Amino acid sequence: MDFPVVRRPWVDTRLWVRQRISGLIHAQDRRNIIRPMTDAGPLSIREIAQRLNLDQTSVGHDVHALLDAGVLDRNADGAIEFLYDAVHVDFIITAA
Numbered sequence: 027m028d029f030p031v032v033r034r035p036w037v038d039t040r041l042w043v044r045q046r047i048s049g050l051i052h053a054q055d056r057r058n059i060i061r062p063m064t065d066a067g068p069l070s071i072r073e074i075a076q077r078l079n080l081d082q083t084s085v086g087h088d089v090h091a092l093l094d095a096g097v098l099d100r101n102a103d104g105a106i107e108f109l110y111d112a113v114h115v116d117f118i119i120t121a122a
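FYI, my numbering numbers position 72 of the sequence shown as 98, with every residue one higher than the one before it.
So, in structure tokens, the structure goes:
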């Protein structure tokens, strides 16, 4: 089964996801931000922090990193959105 499903038809999904998410998504805090945003609609940083029961400042730092990478988007009202239905990330961890 191939993931992710993207709502932007002009983007090559697999390439885009590999480039944008590979380094960012592996951080547990950032995965925790994305998970509750899936199909949640537009949210503010405050709402995301409340859903995660975390400090708004630390959530804001991670949200801005994900915004800068293009993983999250801002809508016209300034709310933050995760525009994907799902994301599948494969990675291998080996000894150094």
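Note that CB positions come from ideal geometry on N, CA and C, so glycine has one too. Keep in mind it's a predicted model, so treat the numbers as computed, not measured.
With 16 as the cutoff for other CB atoms within 10 Å, does residue i come out buried or exposed?
| i | result |
| --- | --- |
| A121 | exposed |
| R56 | buried |
| M27 | Low confidence applies to M27: its pLDDT is 46, below 50, so where it sits in the model is not reliable enough to give any reading. |
| D111 | exposed |
| A88 | In the sequence on display, residue 88 carries Asp and not Ala. Buried, since its Cβ has 16 or more Cβ neighbours within 10 Å. |
| W36 | Confidence in W36 is poor, its pLDDT being 49 and thus under 50, which makes the residue's placement too unreliable to answer from. |
Which whole-angstrom value is the C-beta distance of residue i and residue j, which I expect to be below 8 Å?
| i | j | result |
| --- | --- | --- |
| I71 | Q54 | Their Cβ separation, rounded to whole angstroms, is 18 Å, which puts I71 and Q54 out of contact at 8 Å. |
Would you tell me roughly how many angstroms separate the C-alpha atoms of residue i and residue j, rounded to the nearest one?
| i | j | result |
| --- | --- | --- |
| R61 | A102 | 22 Å |
| R77 | D99 | 18 Å |
| F67 | F108 | At residue 67 the sequence reads Gly, which differs from the Phe that was named. Cα to Cα, the separation comes out at about 8 Å. |
| L92 | I106 | 10 Å |
| A95 | I59 | 14 Å |
| V97 | T64 | 12 Å |
| S104 | V85 | Here residue 104 is Gly; the residue named in the question, Ser, does not match the sequence. The straight-line gap from Cα to Cα measures roughly 16 Å. |
| P30 | I74 | Any reading at P30 must be qualified, since the residue scores a pLDDT of 49, below 50, and its modelled position is unreliable; the value itself is stated next. P30 and I74: Cα-Cα distance of roughly 22 Å. |
| H90 | N79 | 18 Å |
Let me check one thing: in DSSP terms, what residues is residue i bridge-paired to?
| i | result |
| --- | --- |
| I106 | L69 and R100 |
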